[in-house]
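Note that the sequence shown covers residues 1 to 559 in UniProt numbering.
In what follows, a structure is listed as structure tokens, so that the remarks can point back to it.
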Amino acid sequence: MASSVKRERSLADKNPSSGKKSRVNYGDHSLVGSSLHPITKHRVVLNPADCDLDFNIEGNGLKGSALYENGFAYCWSGARATIGITRGKYCFSCKIVSNQPVEIDETTLDQKHLCRVGISNANNKVGNLGETEHSFGFGGTGKFSNFGKFSSYGERFNIGDTILCAVDMESKPMCSIGFAKNGKWLGIAGYFNGGGVESYFPHVLLKNVVVEMQFGYDDGLIPLHGYRPWACAFEDGNGLVGPTFSNVCDCELIMMVGLPSSGKTTWAEKWANDHPDKSYILLGTNLALDQMKVPGLLRKQNYGKRFDHLMEHATDIFNTLLTRASKTPRNFIIDQTNVYKSARKRKLKPFANFQKIAVVVFPRMEELKARSEKSFRELGKEVPVEAVNQMLANFVLPKTKDMHGTDEYFDQVIYIELNMMESNRCLDEMKAKLQSTTTISPYSSHKSSNPVSSYPQEHVMQPHRLSTHQNPLQSRNQGGSYSYPSQTALPNRGSNNRFVPRDDLNHRRSYSGYEHRASSAPMGMGISVFSQKNSYHHTSTPTHETMDISPRYSTPHLN
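Take a look at the structure:
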């Protein structure tokens with residue numbers, strides 16, 4: 001920080017005031033800028049510790065963009081700035097620099113490249129600008145959004161346009177937010193009660209565009225008359241520093257372990273929501289689907305080939321994000337079935353210095369059956385009996401690395417329903433019954449219309465590409481780093497020549513539905529799929545929701 005302050009001071013020394021001021025007309029408002037800029041002690045930039053994993057920050061912290069190749073072209077990605085305001089009147093600008101070259105099937109041109117600018121509280125998901133109570137956004141389609149409600153406001157904007165966001169928290173608790181486009185004031189977009197919220201941060205949400213932020217005079221900002229540059233907030237005593245990176249040895253990687261519909265996603269989401277200070281990122285294929293909002297694709301009971309295409313992209317996205325996560329000192333939860341030990345080891349190995357925690361969700365069979373039946377009734381989702389039987393046959397409960405005879409990497413293993421002994425007993429009973437019957441599965445009350453045996457084995461064995469989606473459950477052991485024994489490859493076939501899946505990532509095209517929550521539609525390839533959303537967890541997703549424009553749960557053709 002000292003070096004950045006020194007640089008700003010040296011720049012100010014080299015550019016003494018010429019006495020000239022620039023003025024830009026904002027209707028009834030005017031912008032006044034001086035060539036002698038106040039020096040700030042805390043430089044405001046986009047925050048690498050408060051952005052989506054696929055968000056890239058460049059250009060001295062002011063240029064923002066997201067990954068856009070392959071499935072990422074369907075995704076929205078967001079970031080907040082490093083400094084929020086607690087009071088006062090401040091503004092910042094966002095310039096849309098360029099579009100990223102993308103090919104998106106069945107997406108209109110005006111929906112391929114979009115930007116949303118606004119503010120949000122740090123406890124709001126960074127990928128959902130304008131969709132929660134304390135989040136406000138102005139999008140390129142000329143819509144203002146808050147709490148998931150979109151209303152016409154201002155006008156459209158695109159490449160080359162500069163959008164200024166002005167926030168008035170002077171008369172807190174009653175606050176206001178307004179915007180300007182290229183020097184034209186568009187008026188107050190909305191009023192809100194800021195009394196119960198400590199601070200708001202600049203926030204951008206991007207889809208296949210590159211932007212440059214302007215927080216202070218040195219960044220090129222020309223503030224609205226009556227509003228201070230956002231970069232002055234901390235100096236004024238009205239600023240609050242946002243999240244910062246942790247020491248990687250203090251970071252947690254929680255891995256959910258359990259059968260489909262056992263309750264993993266419900267627990268993971270509740271845990272993350274109950275511990276906002278940990279800023280958990282949930283990793284899973286379904287999270288990638290949440291980002292891939294595609295116009296006209298219903299999230300409920302969509303079994304078409306179009307979903308197959310998106311699911312392939314979602315697995316690629318998960319792969320990339322998991323790799324990025326292993327190099328990012330933040331807290332993560334991997335929300336998948338993770339019943340295969342070899343898959344767990346492969347996913348965990350890159351996270352050498354993280355505290356690794358397994359959370360096992362193993363309900364009694366009657367409860368598992370009840371949850372799966374409710375998912376089927378409410379969402380039309382099911383998991384093939386054959387797929388569950390494959391998982392049961394290969395399910396290995398996790399162990400901590402200090403237990404005798406284990407080669408796993410977990411520092412802790414937590415059982416949140418049945419304890420370890422009960423889970424082992426139930427699993428052994430289920431495996432024993434599996435040897436004598438093919439209808440042991442708790443999901444077998446619904447017949448899979450397309451048995452897994454009809455699907456070619458060579459597809460099952462294709463290499464899988466990974467997916468994404470976090471209480472310090474206990475303190476970390478002393479030491480920090482771990483050494484890993486070499487992994488022994490699992491055979492592809494058992495002694496009876498029955499196909500034995502190597503892990504839960506090698507079936508993405510046949511059974512991958514068990515990796516997803518109920519909000520995911522089933523895979524194609526003639527296989528009926530099940531989701532992980534539990535029967536007792538209710539989603540707020542509208543029945544006929546489409547998967548685009550808004551980064552989460554909005555009506556069509558809004559931004």
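Note that beta-carbon positions come from the ideal geometry of N, C-alpha and C, so glycine has one too.
- Within the DSSP bridge table, the entry for Glu252 names Gln355 as partners.
- A residue is called buried when at least 16 other Cβ atoms come within 10 angstroms of its Cβ; Pro384 meets this threshold and is buried.
- Contact check for Val197 against Tyr90 fails: the beta carbons are separated by 7 Å or more.
- Secondary structure note for Asn146: it is in no alpha helix (DSSP H), and the uninterrupted beta strand (DSSP E) holding it is Lys143 to Asn146.
- Counting the other Cβ atoms within 10 Å of the Cβ of Ile357 gives 16 or more, which makes it buried.
- Assigned with DSSP and collapsed to three states, Gly284 falls in strand.
- Contact annotation: Ile281 and Val359 have beta-carbon atoms that are not nearer than 7 Å.
- According to DSSP, Val210 shares a beta bridge with Ser98.
- Remark: C-beta atoms of Gly194 and Lys172 approach each other more closely than 7 Å.
- Setting aside the 5 residues that flank it on each side, Trp230 is surrounded in the same chain by Val44, Tyr90, Phe92 and Phe215, each with a C-beta closer than 6 Å to its C-beta; the list follows chain order.
- Going by beta carbons, Phe136 and Ile177 fall inside the 7 Å limit.
- In the DSSP assignment, Lys184 is bridged to Lys181.
- In the DSSP secondary-structure assignment, Asn56 is bridged to Ser65.
- Scanning its chain for C-beta atoms nearer than 8 Å, with the 5 sequence neighbours on each side dropped, one finds around Ala272 the residues Lys278, Tyr280, Leu282, Ile333 and Gln470, in chain order.
- Ranked by Cα distance from Cys175, the options Lys181, Phe192 and Asn319 are led by Phe192.
- Cα atoms of Ala233 and Val361: separation of roughly 46 Å, rounded to the nearest angstrom.
- Gly88 places its beta carbon less than 7 Å from that of Asn238.
- Between the beta-carbon of Lys95 and that of Val211 there is about 6 Å, and that keeps the pair under the 8 Å contact cut.
- Take Pro363, set aside five residues on each side of it, and the residues of its chain with a beta-carbon closer than 8 Å to its own are Ser262, Gly263, Arg371, Glu417 and Leu418, in chain order.
- In the three-state DSSP reduction, Thr162 falls in the strand class (E or B).
- By the CB criterion at 7 Å, Ser77 and Leu240 fall outside the cutoff.
- Sixteen is the threshold: since fewer than 16 other Cβ atoms of the shown chains lie within 10 Å of the Cβ of Glu106, the residue is exposed.
- Per DSSP, Val388 lies in no beta strand (DSSP E); the unbroken alpha helix (DSSP H) holding it starts and ends at Val385 to Asn394.
- Spanning the alpha carbons of Glu373 and Asn394 requires a straight line of approximately 23 Å.
- Classified as buried, Ala314 has 16 or more neighbouring CB atoms from the shown chains inside 10 Å of its CB.
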